[in-house]
Each structure stands twice: as structure tokens, then as C-alpha cells.
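**Q** Here it is, the structure, as C-alpha cells.
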Amino acid sequence: MNKSKSVMCGKLTVKARWLWEQTIRLHGRAPETRLASSLSLVEILTALYYNGYVKSKPAELNWEGRDRVIISKGHGAITLYAILADLGYYPMNELERVGQQGSFLGGIPDPIIPGFETVNGSLGHGLGVGCGMACGLRQKDNTSTSVVVIVGDGELHEGANWEAAMFAGHHRLNNVVCIVDFNKKAMLDNTDKIIGLEPLDAKFSAFGWDTFRVDGHNLAALTDCFERVFKYPRKGPVAIIADTIKGRGVPVMESDPLCHVRTLSKKEIAELLGETRD
Amino acid sequence: MCEHFLKRKSPNCWEKPVTDRPAKRMRDMFLQGVLEEMNAATDIFFVTADFGSPVLDNIREQHPDRFLNVGIAEQNLINISTGLALEGFRVFAYAIAPFITMRCLEQTRTNLCVLASVKPLSVCLVGVGAGMSYDVSGPTHQALEDISIMRSLPNMAVFSPADAECSHDLAKHVSRRKGASYVRLDGKALPPIYQANERLDWNRGFNVLRKGTSASLVSTGYMTHKAMETADILTKKNKRISVVDVYSLNHLNAVAFADCIKDAGPVITLEEGFTGRGGLDCLIMNAIKGRTITALGLLPEYRFDIGNRDDLLKLHGLDANTIAEKVLQTAVH
Numbered sequence: 003m004n005k006s007k008s009v010m011c012g013k014l015t016v017k018a019r020w021l022w023e024q025t026i027r028l029h030g031r032a033p034e035t036r037l038a039s040s041l042s043l044v045e046i047l048t049a050l051y052y053n054g055y056v057k058s059k060p061a062e063l064n065w066e067g068r069d070r071v072i073i074s075k076g077h078g079a080i081t082l083y084a085i086l087a088d089l090g091y092y093p094m095n096e097l098e099r100v101g102q103q104g105s106f107l108g109g110i111p112d113p114i115i116p117g118f119e120t121v122n123g124s125l126g127h128g129l130g131v132g133c134g135m136a137c138g139l140r141q142k143d144n145t146s147t148s149v150v151v152i153v154g155d156g157e158l159h160e161g162a163n164w165e166a167a168m169f170a171g172h173h174r175l176n177n178v179v180c181i182v183d184f185n186k187k188a189m190l191d192n193t194d195k196i197i198g199l200e201p202l203d204a205k206f207s208a209f210g211w212d213t214f215r216v217d218g219h220n221l222a223a224l225t226d227c228f229e230r231v232f233k234y235p236r237k238g239p240v241a242i243i244a245d246t247i248k249g250r251g252v253p254v255m256e257s258d259p260l261c262h263v264r265t266l267s268k269k270e271i272a273e274l275l276g277e278t279r280d
Numbered sequence: 044m045c046e047h048f049l050k051r052k053s054p055n056c057w058e059k060p061v062t063d064r065p066a067k068r069m070r071d072m073f074l075q076g077v078l079e080e081m082n083a084a085t086d087i088f089f090v091t092a093d094f095g096s097p098v099l100d101n102i103r104e105q106h107p108d109r110f111l112n113v114g115i116a117e118q119n120l121i122n123i124s125t126g127l128a129l130e131g132f133r134v135f136a137y138a139i140a141p142f143i144t145m146r147c148l149e150q151t152r153t154n155l156c157v158l159a160s161v162k163p164l165s166v167c168l169v170g171v172g173a174g175m176s177y178d179v180s181g182p183t184h185q186a187l188e189d190i191s192i193m194r195s196l197p198n199m200a201v202f203s204p205a206d207a208e209c210s211h212d213l214a215k216h217v218s219r220r221k222g223a224s225y226v227r228l229d230g231k232a233l234p235p236i237y238q239a240n241e242r243l244d245w246n247r248g249f250n251v252l253r254k255g256t257s258a259s260l261v262s263t264g265y266m267t268h269k270a271m272e273t274a275d276i277l278t279k280k281n282k283r284i285s286v287v288d289v290y291s292l293n294h295l296n297a298v299a300f301a302d303c304i305k306d307a308g309p310v311i312t313l314e315e316g317f318t319g320r321g322g323l324d325c326l327i328m329n330a331i332k333g334r335t336i337t338a339l340g341l342l343p344e345y346r347f348d349i350g351n352r353d354d355l356l357k358l359h360g361l362d363a364n365t366i367a368e369k370v371l372q373t374a375v376h
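Residue numbers (this note's numbering), protein chains in the order written: chain A, 3 to 280; chain B, 44 to 376.
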């Protein structure tokens, strides 16, 4: 790794740590938010947003040149609450009001939140809606804008995803990038014990997608992958399969197949954040 | 409000039955209207779930860049349409009625109705095969629940035209309308009720086709034809029957409707769908609270009767003679 890349990754590491903490704090304020599903996304979102791969103008929400980001696995989006506040979509103190009456930050994000494009959380919709946006952008001759759809692996059991995957492959939608947060767990069990998804990259390839497989917690690997995907012309839709760990950084979650619905106590949160008073 | 009806410029078809004009399919006239709108504007997409018609061939030949066939995939039909709408396009999504209303209901609810609360969208779902118009295809292809289901959705307009003539105008109306809408079109060629290219007040939602005081038949879609037939039978028995065609099922002007039939005798609703499940009968019951209505339609059950449409309607007591008998039981003077 050269020096500038090393410095960049160092900054990203600091940012990722800050986001990890913010995500846990958000969960502490609103325990009904899904923490484990959000923690598997921290590095993916860090590398995506803080390397400049997502074009945006927080002060101009409907800017035509913005990249469309759809977080289809809405349960895992609370990390994005902190990113959007950090980028200036809304004041940082909004994060203090998550889950409270009058706040726009709920347990699952909706498009009342500045920076969110679609209704999320009802699983299996984002990829198809994103493909429709991609067709619209193509019709408008907007070739510089990407549609980035983040899906979970459990979500891929929804058949509508594969209707959309076939569609994107057939129409060679090179403005679509699908990132799979492959954290290997759904609600009740590991996904390979529910309905196995492997070989997942081969499945997307068979549907006509170019696929990448990456360590979803390695900021350098994610940055390399995003560099190849976003900085060079694409021939068709791209799927990035990011291998992740659900509940990353929280041992009691990482080891629990039921961690999706696990809520951390205030004591557990204080311990994780090093804020315990012995 | 009845003056609206009385002052209509076009002649009333029951006085001068229009027999010289051929039966037409609603979808052909509706799609012709869509084609004309697409010819005039570049921001309209047409998306189909592998369902066609001769006029649709013109659309896809003349506008290949704005025509998409998603295949037999109604969920994706709605999702693709949503994405196009979010990019500022007006979208027509086209499929068979029971499938476009039920196979992808959650996509419609979430991505059209919920999203339309905060984002400007213009998406029209066009379903062909209202009621039992796909008669011999059986219960999978018949749409007997679609009105109740689609009426239950906030941010969803529901239009149910009675003939091909007004369907042309309906295409123009929905293409310029903001929000989500569902248009249920009959699958059969039907004789005209309205004048060629007649323009209806879609926001008012109903039209009085015949005025009388013995009883009021309130109907939608194909059943408006049955209502007219029934009224003809009863006229011969010296009854004067009102026939009201209701074509906007979520935006009926209830005040105008109630005013229009206040002196028109007992009210009988006629629908080619399940009764007591939130369809036309429920709409009318709410529009004229306090008045008793007789709801004629199908019992909520699935049947595998084989036959043409009129055979099937007869099995359900929805042929004109049986309806006339039931009306006589409630009619006054």
C-alpha cells in the first residue's frame, strides 16, 4: 500500500470507528432499531460515502446529478443516519431524537428523511425500483449517474430481487450497482440453514451481472473494489458481494444466530463504548 | 346536480339506442388514447407484463425507447414503474386485472401508495379482464375482488369505465393525473353506452344514464350494460328506472351522487364482483348513509362453472330478467 493510500485508509478507519460508535449510540436511544444488521454495513458505507464514490449535494436533494442510493435492507440503515447528518443533510443533533415523536428518524428509514430516495424495509423492492430509475436515467441520457442498491442476503430470498436481476442483466443496465451485505444471517438462523444462497456471485453472473467479491469489513479492499467499479466504464450491471459479519464488533451479537432482533442493554452499550464506571 | 345530466349535449343513448356503432374493446380505445398522449409528450413510459393487444403493437413500434416488457413478472412491473416515475416519467403499467391488482399488491402499496405520500408520482395501473370477462378461463383470471382491494388503498384512484368510447377519454384523464391510479378494463368487446369519444367528469365519478323514480340501479363496468337491459325490461312493465353508471370508485362526489338519486326510489347496486366486501355496494352505502340499499353481485366464493359470461351471470342471478324480478320486489309505484 502506498503512503497516500495508507493515510486515506487511516482516515477511513477513524471514520468507521466513529460510525460504529454512532450506530450503537443510536440503538441505545431507540432500542427498537436493528443494531446487528446495521453494524455489518459500517465499513461498506464508510468506503462508499467518504471516498467520494457517491455524488450528492445535501443542500439540493433533487439534484439531477446525484447518485441514487437505495438501502433496500432498511433495517440496517441506522448507520446511514449518522453519515447523512455528518454530510450535512440535517443537523447532527437530529441523531439525539431518533425514534422520538416529531423526529423523522424512525426504526426503519423512509423517504421523509433527507437523502433517502425510496420506502425501505419492506424487503425485496429496492433492486427493482433501482432498475426502473436506471431505465429512466438512461432515457434522459444521464450517463454519469449510478444507482446503488444495498441489499441484505436474507432479503435475497424475496423472488422480486431475481425478477429485477434478470431485467438488469437483459437490459445491460451498466448504471446499476448492487452491493450485497452478505452477513450470512436472517432473523431466525444462518441463511445457509434457511435457504442457502451460495454460490451467490455465480448466481448474479449467471443472470448477466459482473460480480466482485470483497471482504466487507476491510476498508482497503472495499476501496479497491469501489475504485474499479465506480471509476471505470461498466459494461453491464455490477454486483458486489461483500462478506460481512452481522453484529460486527459486538461479541455477543457476532456469535448469536438470533442477533437480528437482539437489543443491547444500556450496560452492554456502555461497556462497548468504554464508558463504564468501575 | 341532475341538471348536469339533463343538460348534456350528447343525445341520451337509451332514448336513441346506438345500434349502428360496433362493439369495441375498452383496451383498444384506452391504448389509442395512451398512444396519442405518447405521440404528444416524451415523458410517458408504457410497461407491460408480457400482455398485449393490436393497439399495443402500435405503441411498441412507434415508441420502442419508451416501451418495456418486463416479462410475466408483475412485482417487477410495479417496481420498474416506480423507478421510472421517481425519475419524472409518467408511467402506464399494463397486465391482466387479477394479476396487476393481487400478485403485486404489496409492491403497489409500498412503492406507489406509501411513496406517493411524499414523492410526486404518476403511475396508472391498467388491468384488463374486469369481473368475469375472462369467462372460460376460470377463477384465476377473473377479477372479482379488485375493486375492494384497490379501493382500500390510500393514494389510489380506481376507475371502472362502462364502454370503449369513454375509455379513450379516461386514458387522457389519467395520463395527466398526478398520483397512482388503477383502471379496470373489460376484456370483451362491448356495445357503446356513451357517444364516440365522450368526455366524462372523472372527478365527479358518476353519470345518470336514465332517470326514473321507481328504483335506481347503480352499476359499474359491464354491469351498467345489464342495468340498461334491466331498465328496458322494467319500462315495459310501466316502471321508471334510474340507471347510474359509477366510474370513479375512490373519488365519487358523494354529495352530488346523493343529491342526484334522492328522489329516485330504492337503490340497488349491481357489480360483477363479491358483495359485502368493500366494493361498489360499500361505496354507495357510505355515499348515501341512512338509506337502505340492495346489493346485487356475487357471493364471496370461488366457483369453477364453465360457460360464457352470460351463462355465468345467470348462475349468479345476475342476468337482466332475474335482476328485474329482484328490482320489482323493492320498486315503488
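Ideal placement from N, C-alpha and C gives every residue a C-beta, glycine not left out.
(1) Assign residue 57 (chain B) to one of three DSSP states: helix, strand, or coil.
(2) State the start and end residues of the unbroken alpha helix (DSSP H) segment that holds residue 213 (chain B).
(3) Between residue 73 (chain A) and chain B, is there a C-beta pair that is closer than 8 angstroms?
(4) Hey, which unbroken runs of the alpha helix (DSSP H) at 4 residues or more fall wholly within the region 184-270 of chain A?
(5) Cβ of residue 162 (chain A) less than 8 angstroms from any chain B Cβ?
(6) I need the straight-line Cα distance from residue 113 (chain A) to residue 221 (chain B), nearest angstrom please.
(7) Please state the DSSP three-state secondary structure of residue 92 (chain B).
(8) With 8 angstroms as the threshold, decide whether the Cβ of residue 149 (chain B) is near any Cβ in chain A.
(9) Taking the C-alpha atoms as reference points, what is the distance between residue 160 (chain A) and residue 130 (chain A)?
(10) Determine, using beta carbons only, whether residue 268 (chain B) and residue 73 (chain B) come nearer to each other than 8 angstroms.
(11) Assuming residue 115 (chain B) contacts residue 90 (chain B) (C-beta within less than 8 angstroms), just tell me the rounded distance between them.
(12) Alpha carbons only, please: which of B:308, B:353 and B:197 is nearest the one belonging to residue 331 (chain B)?
(13) Which ranges would you report for the alpha helix (DSSP H) in the region 64-100 of chain A if only whole runs of at least 4 residues count?
(14) Grouping DSSP H, G and I as helix and E and B as strand, with all else coil, what is residue 22 (chain A)?
(15) Taking the alpha-carbon positions, what's the residue 44 (chain A) to residue 21 (chain A) distance?
(16) Taking just the CA atoms, how far does residue 206 (chain A) sit from residue 156 (chain B)?
(17) Could you check if residue 42 (chain A) is buried or exposed, using at least 16 other CB atoms within 10 Å of its CB as the buried criterion?
(18) Which residues in the same chain have their Cβ closer than 7 angstroms to the Cβ of residue 306 (chain B), if we skip the five residues on either side of it in sequence?
(19) Write down every uninterrupted run of the alpha helix (DSSP H) in the region 250-301 of chain B whose length is 4 residues or greater and which is fully enclosed by it, in chain order.
(20) Per DSSP, which one or two residues make a beta bridge with residue 171 (chain B)?
(21) Taking only three categories from DSSP, how would you classify residue 133 (chain B)?
(22) Evaluate residue 50 (chain B) with the Cβ neighbour count: other Cβ atoms within 10 Å of its Cβ, from every protein chain shown; 16 or more gives buried, anything less gives exposed.
(23) Span of the alpha helix (DSSP H) holding residue 104 (chain B)?
(24) Please list the partners that residue 162 (chain B) has in chain A, where partner means a Cβ-to-Cβ separation under 7 angstroms.
(25) For residue 106 (chain A), would you say it is in contact with chain B, using Cβ-to-Cβ distances shorter than 8 angstroms as the test?
(26) Taking the C-alpha atoms as reference points, what is the distance between residue 159 (chain B) and residue 223 (chain B)?
(27) Do the region 132-151 of chain A and the region 91-100 of chain B make contact, defined as three or more Cβ pairs closer than 8 angstroms?
**A** Well, looking at it:
(1) Position 14 of the second sequence, counting from 1, holds the residue named residue 57 (chain B). Below a pLDDT of 50, predicted positions are generally treated as unreliable, and residue 57 (chain B), at 44, falls in that range; no measurement from the model is reported.
(2) Counted from its first residue, the second sequence places residue 213 (chain B) at position 170. Counted as a single uninterrupted DSSP element, the alpha helix (DSSP H) harbouring residue 213 (chain B) occupies residues 207-218.
(3) Residue numbering aside, residue 73 (chain A) sits at position 71 when the first sequence is read from its first letter. False, the Cβ-Cβ gap to chain B never drops below 8 angstroms.
(4) You should have 193-196, 202-208, 221-232 and 253-256.
(5) Translated into positions along the first sequence, residue 162 (chain A) becomes position 160. Output row for residue 162 (chain A): interface = yes.
(6) Within the first sequence, residue 113 (chain A) is the residue found at index 111, counting from 1. Within the second sequence, residue 221 (chain B) is the residue found at index 178, counting from 1. Approximately 18 angstroms between the Cα atoms of the pair.
(7) As a working mapping, residue 92 (chain B) is identified with position 49 in the second sequence. The answer is coil: DSSP assigns residue 92 (chain B) none of H, G, I, E or B.
(8) Position 106 of the second sequence, counted from the start, is the residue given in the question as residue 149 (chain B). At least one beta carbon of chain A lies nearer than 8 angstroms to the beta carbon of residue 149 (chain B).
(9) As a working mapping, residue 160 (chain A) is identified with position 158 in the first sequence. As a working mapping, residue 130 (chain A) is identified with position 128 in the first sequence. So the two alpha carbons sit approximately 12 angstroms from each other.
(10) Looking up residue 268 (chain B) in the second sequence gives position 225. Looking up residue 73 (chain B) in the second sequence gives position 30. Cβ atoms of residue 268 (chain B) and residue 73 (chain B): not closer than 8 angstroms.
(11) Within the second sequence, the letter at position 72 stands for residue 115 (chain B). Within the second sequence, the letter at position 47 stands for residue 90 (chain B). Contact doesn't hold; Cβ gap of about 13 angstroms is too wide.
(12) Along the second sequence, one-based indexing puts residue 331 (chain B) at 288. The alpha carbon of residue 331 (chain B) has as its nearest neighbour, out of B:308, B:353 and B:197, the alpha carbon of B:308.
(13) With a minimum length of 4 residues, the continuous alpha helix (DSSP H) runs that stay inside the region 64-100 of chain A are 80-89.
(14) Numbered from 1 along the first sequence, position 20 holds the residue referred to as residue 22 (chain A). The three-state secondary structure of residue 22 (chain A), taken from DSSP, is helix.
(15) Walking along the first sequence from the start, residue 44 (chain A) turns up at place 42. Walking along the first sequence from the start, residue 21 (chain A) turns up at place 19. C-alpha separation (whole angstroms): 7 angstroms.
(16) The count along the second sequence starts at 1 and reaches residue 156 (chain B) at position 113. The count along the first sequence starts at 1 and reaches residue 206 (chain A) at position 204. For the pair residue 156 (chain B) and residue 206 (chain A), the Cα-to-Cα distance works out to about 30 angstroms.
(17) As a first step, residue 42 (chain A) must be located in the first sequence, where it is residue number 40. Counting Cβ neighbours within 10 Å, residue 42 (chain A) comes out buried, since at least 16 surround it.
(18) Along the second sequence, read from residue 1 onward, the residue named residue 306 (chain B) stands at position 263. The answer, listed in chain order, is 256.
(19) Within the region 250-301 of chain B, the complete alpha helix (DSSP H) runs of at least 4 residues are 266-278.
(20) In the second sequence, counting from the first residue as 1, residue 171 (chain B) sits at position 128. DSSP, once it has assigned bridges, lists B:139 and B:228 as partnering residue 171 (chain B).
(21) Taking the second sequence and counting its residues from 1, one reaches residue 133 (chain B) at position 90. Correct three-state label for residue 133 (chain B): strand.
(22) Your numbering for residue 50 (chain B) matches position 7 in the second sequence. Since pLDDT at residue 50 (chain B) reaches only 39, below the 50 mark, its modelled position is unreliable, and no value is offered.
(23) If you number the second sequence from 1, residue 104 (chain B) lands on position 61. Note, residue 104 (chain B): alpha helix (DSSP H), 97-105.
(24) Stepping through the second sequence from its first residue, residue 162 (chain B) is reached at position 119. Neighbours of residue 162 (chain B) in chain A, taken as residues whose beta carbon is under 7 angstroms from its own, are 113 in chain order.
(25) In the first sequence, residue 106 (chain A) corresponds to position 104, counting from 1. No, no contact with chain B.
(26) Working through the second sequence from its first residue, we reach residue 159 (chain B) at position 116. Working through the second sequence from its first residue, we reach residue 223 (chain B) at position 180. The alpha-carbon separation between residue 159 (chain B) and residue 223 (chain B) amounts to approximately 7 angstroms.
(27) Because the criterion of three Cβ pairs below 8 angstroms is not met, the region 132-151 of chain A and the region 91-100 of chain B do not touch.
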